[in-house]
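So the structure is just underneath, and the comments pick up after that.
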DNA sequence: ATGAAAGCGCTAACAC
DNA sequence: GTGTTAGCGCTTTCAT
């Protein structure tokens, strides 16, 4: 498995030096003469030596690599977050490893475990839809593992967090529908376990309240699998479309739910926005060329990733245990397009 | 960094046993009495012991984890491939680590290196658009690292490969345009470094040839950054649209290029398919709800991932060095939609 | 300025 | 059936 078969030991033997001298020469220690350093480094260079970081981290206790846990990478929002993370990670000399939970609690536990096993220095995580208990993370934090939450966070763990302004985003989106003349606004959202679901629901409710539109509980539909399960969304839409006083607009609270809803409405020959308007959270870069162009609440994915990684590094590199934590809230952006504009 | 602070040594001390007895008990060795095993395992259980796999792999020489290198995860095709990989990896007890190159050769080298450093047992890779030299992979293979190529492969390395039937896909797609009545079919593709570009270009040419449509070199445009650079695509489209004998259809050869082309044509108020038809490779799950619905050549991403992982495992678990390699070619699927159908 | 030796957590050959 | 010991590749006291 060591695919860089040349070890420090080999070099020592070849050069007639001791292992420790070679090690020190390689790390440019002041104890070693320039001559020896040169000798060693040239030999290493020539024979393409590279240290085995596994052995190194076993000894040193850090690996300059961090782990990312997201529900799925097949989602522009998370891709953008990851790009943001990479941008600061690479600049600071960290490598990253990405894993997905597919909204499964078990996979989340497994991936977190695996990452710590592979000795990451810290973890950046957005919780899975299934996750309710985060003891697996708490235990790690207690042992000193730096963890930063982004997007889907938990109140049960005190640490740095970065989220979009989901409350205000949902408020703005709902307001746009109301201002456009819609009154019976349904809300399709992910699992109630998720912090983002709460925040978005609250923003939606507040917009209704501020507009004196009564909140109708029947208009809120949960998709426990965060949009991964087509049937759930289909059922939600069917419910909404067949109820008395059927909604004239839908406000969707997650990326996949938003685009899938449009797709399903199309299958059902329900015209958007003539029959039902649609506006929702999505970072899909195709939103503007969909039919109809889709009104979208866009989260600053790249910035969220950047901020989260910066916070993680500050935790990792902090000399003393950090006890003061911060929650960073970044603004969303609303793009108003045809799908939520009431036809004259 | 060891966030599972309890070590085998601690257990040994607590239980008044030797380190090796504990180690053996934990791995259920026949040498150890049931009584001791029970004692040790119960203690381990109770105190939440989990072995440090870093130390383990340092010793054992394998880690039951593999690395994936793709150009970008923000692409349904790669997401699907990764899901396919995961499906077999998890079933076989392997963990995976995902990295992206963003089409950069340097990042590719860096990521491959990092993965081997983190001691993966094998690598699954789709080359970056920039990559021309694959010495970094050859050296690793020589040292015994199992590598399987998928999607973007190289002839310079003899190993297992899994690709879509790009030649036939491109042939079918081009034929569809021709059968639909288009004659001046342009081709926008990625970097000529990429195997997929070659294969798709060849299929395109063959379809023209079989239909007695002369091949016009000016109709083929390369985007060196594989669609990541908007300006490149924009320039290509501008060139095509302003030339004498301007094309009446465009056949695009990569996911991002396909959707971006549609988006740019829309910006330019060029009607699809009235002014220019469009058909291309893409696994975007929104293709059918775009405006117009997009004709798409879809690759079997999940199956490609599955096959690649199976091949990688066979390499990893092979008792003797493997010298006979296989290239698996999986069929693409063509979805004919409005964007490539000539209006009456 | 250089080297010997211990140790990171674990496994495995080899005693006892 | 259990323990001793060496060693994976590297860093780091502590000698010399």
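Residue numbers (our numbering), protein chains in the order written: chain A, 1 to 344; chain B, 1001 to 1344.
Don't be surprised by glycine CBs; every beta carbon is placed ideally from N, CA and C.
If we count the other Cβ atoms within 10 Å of its Cβ and call it buried at 16 or more, is residue i buried or exposed?
| i | result |
| --- | --- |
| residue 1167 of chain B | buried |
| residue 1161 of chain B | buried |
| residue 19 of chain A | exposed |
| residue 1086 of chain B | buried |
| residue 283 of chain A | buried |
| residue 1301 of chain B | buried |
| residue 28 of chain A | exposed |
| residue 1339 of chain B | buried |
| residue 80 of chain A | buried |
| residue 1118 of chain B | buried |
| residue 318 of chain A | exposed |
| residue 1228 of chain B | buried |
| residue 1060 of chain B | exposed |
| residue 1142 of chain B | exposed |
| residue 1245 of chain B | exposed |
| residue 306 of chain A | buried |
| residue 1091 of chain B | exposed |
Can you confirm whether residue i, when its beta carbon is compared against all beta carbons of chain A, has any partner nearer than 8 angstroms?
| i | result |
| --- | --- |
| residue 1166 of chain B | no |
| residue 1155 of chain B | no |
| residue 1327 of chain B | no |
| residue 1001 of chain B | Its pLDDT being 48, under 50, residue 1001 of chain B is placed unreliably in this model, and the value from its coordinates should be taken loosely. Yes - at least one Cβ of chain A is within 8 angstroms of the one on residue 1001 of chain B. |
| residue 1118 of chain B | yes |
| residue 1311 of chain B | no |
| residue 1114 of chain B | yes |
| residue 1079 of chain B | yes |
| residue 1053 of chain B | yes |
| residue 1345 of chain B | Outside the displayed range of chain B (1001 to 1344) lies residue 1345 of chain B, so it cannot be described from this structure. |
| residue 1262 of chain B | yes |
Going by the DSSP bridge assignment, what does residue i pair with across the sheet?
| i | result |
| --- | --- |
| residue 1280 of chain B | B/1252, B/1296 |
| residue 328 of chain A | A/162 |
| residue 1335 of chain B | B/1296 |
| residue 100 of chain A | A/70 |
| residue 1222 of chain B | B/1189 |
| residue 1095 of chain B | B/1065 |
| residue 290 of chain A | B/1290 |
Establish whether the CB of residue i and some CB of chain B are separated by less than 8 angstroms.
| i | result |
| --- | --- |
| residue 187 of chain A | no |
| residue 291 of chain A | yes |
| residue 146 of chain A | no |
| residue 228 of chain A | no |
| residue 275 of chain A | no |
| residue 195 of chain A | no |
| residue 255 of chain A | no |
| residue 104 of chain A | no |
| residue 95 of chain A | yes |
| residue 74 of chain A | yes |
| residue 295 of chain A | no |
| residue 57 of chain A | yes |
| residue 286 of chain A | yes |
| residue 252 of chain A | no |
| residue 259 of chain A | yes |
| residue 266 of chain A | yes |
| residue 82 of chain A | yes |
| residue 279 of chain A | no |
Unbroken stretches of the beta strand (DSSP E), 3 residues or longer, contained in the region 1123 to 1169 of chain B: 1123 to 1125, 1147 to 1150, 1161 to 1164
At a cut of 8 angstroms, does the region 314 to 330 of chain A reach the region 253 to 271 of chain A through at least three beta carbon pairs? no
Three or more C-beta pairs under 8 angstroms: does that hold for the region 1098 to 1107 of chain B against the region 1120 to 1130 of chain B? yes
Does the region 195 to 210 of chain A come within contact of the region 163 to 181 of chain A, defined as at least 3 CB pairs closer than 8 angstroms? yes
Is it true that the region 1243 to 1255 of chain B meets the region 1214 to 1233 of chain B, where meeting means three or more beta-carbon pairs spaced less than 8 angstroms apart? yes
Looking at C-beta atoms only, is the number of pairs between the region 1144 to 1151 of chain B and the region 1301 to 1314 of chain B that lie closer than 8 angstroms three or more? yes
Contact the region 1029 to 1036 of chain B vs the region 26 to 44 of chain A: 3+ CB pairs below 8 angstroms: no
Examine the Cβ distances between the region 186 to 193 of chain A and the region 233 to 247 of chain A and report whether three or more of them are shorter than 8 angstroms. yes
Evaluate the contact criterion for the region 267 to 287 of chain A versus the region 43 to 55 of chain A: three or more CB pairs, one atom per stretch, below 8 angstroms. no
So does the region 204 to 219 of chain A actually touch the region 284 to 291 of chain A, counting three or more Cβ pairs closer than 8 angstroms? no
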